[in-house]
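Undergrad: For the sequence shown, the residue numbers in mature numbering (1 follows the signal peptide of the UniProt record, and there is no 0) are -17 to -1, 1 to 515. Glycine included, C-beta positions come from ideal geometry on N, C-alpha and C. Here the structure is a predicted model, which is why all the values come from computation and not from measurement.
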Amino acid sequence: MLSIIVTIAIVALVCKADKPNIVFIIADDLGWDDVSFHGSDQILTPNIDLLAYSGVTLGRYYSHAICTPSRSALLTGKYSYKIGMQGYPPLTMSDDRGIPMDLKLLPQYFKDIGYSTQLIGKWHVGASRAEYLPTNRGFDSHFGHRGGYMDYYEYTYEELWSIGHVSGMTLFRNLTPAWDVEGYITDVYTDHAVSVIKNHDTSSPLFLMVAHNAPHSANDGALLQAPPEIVRQMRHVESPERRIFAAMMKKLDDSVGNIVKALHDKGIIHNTIVTFISDNGGMSYGQFNNFASNYPFRGIKLTPYEGGIRVAGLLWSTNLNNTSHYWDGYMHVTDWLPTLLSAAGVKPPPDIDGIDHWKNINSNLPSERQTMFEIDDTSEYASAIYGDYKLVTGDVDKGYGIHQGNNLTGIIGKPPSYVKAILDSTMYRVLDSIGLTFNTANLSLRNNTTIKCDVSSVPLCHPSKETSCLFNIKEDPCETRDLSATYPDLVLRMQAQLEQEVKKTIFRKGPVFRDPLSAPSRFNYTWDVWVK
């Protein structure tokens, strides 16, 4: 009997060891044009770029248009509107809402198969009740902020109530406010991630999610924050605000390099999958403006246009077979759950919207996804993608739904050397040390991911509750030419398809109620659990 038990234990350990470690890095409100592998000469992101060039760039990766919906979809594999987590505004700290407790989340799947599950950074899918918190939803530990954003140095989060601004500290170590922490939050999260990797017990595989605050804006009093010495390094950036944003991106890119280096130093890099995504498009205008740029795409965060939902994405591993280092197939944020489970050798659950793309990305096969939906019943807009076409309908803010960000990309003098940035990066040294030395001649891969459009003097179609706009997003990714009059039958078919999806919507709680019971003054000036 004892020998049987020992044999079972050994088999379990071998199965665990065979499973890949997964490090999932999320940027917050990162614009399409805010990474240099998409063509930016102004903001250089060599570590992120080298992950893309030596891994697989996801050329048509889509998310939901807002923070809470995209993260809810990531964790559940379901469209946010089917679980009541859609819409604007996203979760506030005074909002008693969270991912429904009857849904199994991504870390719970990994925990079931023996993974150590760690979350660093942003949660933003429920914090009013203890049962909504990460450590009750599958994560072994959480060090980070529970809400949508915070001050980069003081870790405070502020809401505007009828009585005025209400503020409290929002950085927690599991269930305890992290009053002892000091430093720039991007560095703080990076150091913690490096420590988690360094101290990881390799008898179990690791699932580590690093959900950065960067480059989301902070509180209204200081929207953009970065170390002054880094800001000074960005003097080639013409816009003063964009200069600070560039420094925020520099710290984010450094973080990615340091996390990958920690995997190398630990000796687990060859058995690790790394992903990097943005949760949605950037904000070039309006509330929470972080001076990101989605140019040349149309629209920003909070819109169903490409600038709001088509975002940066990549997948990296030393074991990928996709030698083109590029995948042009459709992928949606809901697809990560089944794709990563498949990579870990687990059959994905059947009752989700996500599609398993592991084999397709790995072997550069066509995507099995043909449709994607964006439905926001609070803002009263919706979109459907079917094949090459996108239909946009409803009430989309015209100020948000135009081409923005080109005015932010000005450069004073000569831009910094892209090749030098690549050669000086941490990621370049890591690749060199594991025998994957990157030849700078391969920077031509950048051409695959750079979008160019002529958006000058183009009258744009703006939908309404009575009219729709139809775009061919393969030929016209910047959504300049309305084809609804050309293909009226296609419009009718896509409208019917969209109406069927709208019927599946679970209406979220609303309007937002600033519950006085959530006031930080009741909890030693922290945004803590307030519904008992």
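Our contact map puts Thr169 next to Ala201 with C-beta atoms below 8 Å; I'd like the distance itself, whole angstroms only.
TA: The Cβ separation is near 12 Å, so there is no contact.
Undergrad: Along the chain, where does the beta strand (DSSP E) that runs through Arg43 open and close?
TA: Val39 to Tyr45
Undergrad: Can you tell me where the beta strand (DSSP E) with Trp144 in it begins and where it stops?
TA: Thr139 to Trp144
Undergrad: Which residue's Cα is closest to the Cα of Ile434: Lys330, Val379 and Val294?
TA: When the alpha-carbon of Ile434 is set against those of Lys330, Val379 and Val294, the nearest one is in Val294.
Undergrad: When the Cα of Asp79 is compared with those of Pro398, Gly121, Thr153 and Ser111, which residue comes out closest?
TA: Out of Pro398, Gly121, Thr153 and Ser111, Ser111 has the C-alpha closest to the C-alpha of Asp79.
Undergrad: Here's the rule I'm using: 16 or more other beta-carbon atoms within 10 Å means buried, otherwise exposed. How should residue 527 be labelled?
TA: This structure cannot speak to residue 527, because the chain is shown only from -17 to 515.
Undergrad: Please classify Lys492 as buried or exposed, where buried requires at least 16 neighbouring CB atoms within 10 angstroms.
TA: Burial call: exposed.
Undergrad: What would DSSP say about His183, mapped onto helix, strand or coil?
TA: coil
Undergrad: Going by beta-carbon coordinates alone, are Gly321 and Ile335 separated by less than 8 Å?
TA: Position check: residue 321 holds Pro in this sequence, whereas Gly was assumed. Cβ distance < 8 Å, so Pro321 and Ile335 count as in contact.
Undergrad: In the DSSP assignment, what residue or residues form a beta bridge with Gln101?
TA: Ser124 and Leu191
Undergrad: Please return the same chain residues whose Cβ sits closer than 7 Å to the Cβ of Glu357, not counting the five positions on each side in sequence.
TA: His47, Ala48, Pro287, Ile292, Ala365 and Ser366
Undergrad: Could you check the C-alpha separation between Ser400 and Arg412 for me, to the nearest Å?
TA: 18 Å
Undergrad: State yes or no: is the C-beta of Asp407 within less than 8 Å of the C-beta of Thr488?
TA: Taking 8 Å as the Cβ cut-off, Asp407 and Thr488 do not qualify as a contacting pair.
Undergrad: When the Cα of Leu303 is compared with those of Ala326, Thr317 and Met477, which residue comes out closest?
TA: Ala326
Undergrad: Using DSSP with H/G/I as helix, E/B as strand and the rest coil, what is Ile260?
TA: Correct three-state label for Ile260: strand.
Undergrad: Put Pro279 into one of helix, strand or coil per three-state DSSP.
TA: coil
Undergrad: Comparing alpha-carbon positions, which option in Trp513, Val18, Asn507 and Thr159 lies nearest Phe259?
TA: Closest option to Phe259, Cα to Cα, is Val18.
Undergrad: Using three-state DSSP, classify Leu310 as helix, strand or coil.
TA: With the sequence shown as reference, residue 310 is identified as Trp, and Leu is not the correct amino acid for it. Reduced to three states, the DSSP call for Trp310 is strand.
Undergrad: In terms of residues, what are the limits of the beta strand (DSSP E) holding Lys373?
TA: Tyr372 to Gly377
Undergrad: Looking at Ile251 and Ser267, is the spacing between their C-beta atoms short of 8 Å?
TA: no
Undergrad: For the alpha helix (DSSP H) that contains Cys452, what are its first and last residues?
TA: Unbroken run through Cys452 is the beta strand (DSSP E), Ser451 to Asn455; no alpha helix (DSSP H).
Undergrad: Compare the C-alpha of Leu414 against each of Gly38, Lys2 and Phe20 and name the closest.
TA: Gly38
Undergrad: On a Cα-Cα basis, can you pick out the residue from Tyr36, Leu466, Phe190 and Tyr136 that is closest to Ser124?
TA: When Tyr36, Leu466, Phe190 and Tyr136 are compared, the shortest CA-CA separation from Ser124 is found for Phe190.
Undergrad: Roughly how many angstroms separate the alpha carbons of Ala(-6) and Asp1, rounded to a whole number?
TA: Because the pLDDT at Ala(-6) is just 43, under 50, the model does not fix this residue reliably, and the value given afterwards should be weighed accordingly. Taking the straight line joining both Cα atoms gives about 10 Å.
Undergrad: Which partner residues does His148 have in the DSSP bridge list?
TA: Leu143
Undergrad: In the DSSP assignment, find the alpha helix (DSSP H) that holds Met232 and state where it starts and stops.
TA: Pro223 to Lys249
Undergrad: Could you check where the alpha helix (DSSP H) with Tyr401 kicks off and where it finishes?
TA: Tyr401 to Leu406
Undergrad: Helix, strand or coil for Ile344 per DSSP?
TA: helix
Undergrad: From the DSSP output, read off the bridge partner residues of Glu357.
TA: Ser366
Undergrad: Leaving out five residues before and five after Ala56 in sequence, what residues of the same chain have Cβ atoms less than 7 Å from its Cβ?
TA: Correct list, in chain order: His47, Tyr62, Ser63, Val316 and Thr317.
Undergrad: Leaving out the 5 sequence neighbours to the left and right, which residues in its chain are closer than 6 Å to Val257 when beta-carbon positions are compared?
TA: Val6 and Trp299
Undergrad: Pick from Asn422, Gln387, Gly388 and Gly418: whose alpha carbon is nearest that of Val402?
TA: Asn422
Undergrad: Nearest-angstrom Cα distance between Asn272 and Ser186?
TA: Between Asn272 and Ser186, the C-alpha separation is close to 44 Å.
Undergrad: So the beta strand (DSSP E) Val6 belongs to, where does it begin and stop?
TA: Segment Asn4 to Ala10, the beta strand (DSSP E) holding Val6.
Undergrad: For the beta strand (DSSP E) containing Phe93, list its first residue and its last residue.
TA: Where Phe93 is concerned, there is no enclosing beta strand (DSSP E), although the alpha helix (DSSP H) it sits in stretches over Leu89 to Asp95.
Undergrad: Output the boundary residues of the alpha helix (DSSP H) element that contains Leu323.
TA: Trp319 to Ala326
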